Amino acid sequence: MAARRWMGKSASQIYSEFCEETSFTALTKIHKADFRLKRVIWAVTCVFMTVMLAVQITWLFQKYFR
Numbered sequence: 001m002a003a004r005r006w007m008g009k010s011a012s013q014i015y016s017e018f019c020e021e022t023s024f025t026a027l028t029k030i031h032k033a034d035f036r037l038k039r040v041i042w043a044v045t046c047v048f049m050t051v052m053l054a055v056q057i058t059w060l061f062q063k064y065f066r
């Protein structure tokens, strides 16, 4: 079971392992950025893109399911 694999590990260890195994590029770029400014920029970009996706989904639902 996957939960057993994470027992006894800290949150940062779990996050590091997740970023190594995932294919979600934005998370891996945030995690592997060497400067704090780069991490902040990637995090803001990721949040902005997520918000834009939510807005577009909302617009589509309002347009086609009203």
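Following full-length UniProt numbering, the numbering of the sequence shown begins with 1 at its first residue and continues without gaps. Here a beta-carbon is modelled for each residue, glycine too, at the ideal position from N, C-alpha and C. Since the structure is predicted, the reported quantities are computational estimates derived from the model, not experimental observations.
Item	Value
CB residue 42 to CB residue 54, shorter than 8 Å?	no
Does residue 65 come out as helix, strand or coil in the three-state DSSP assignment?	coil
Quick check on DSSP: helix, strand or coil for residue 35?	coil
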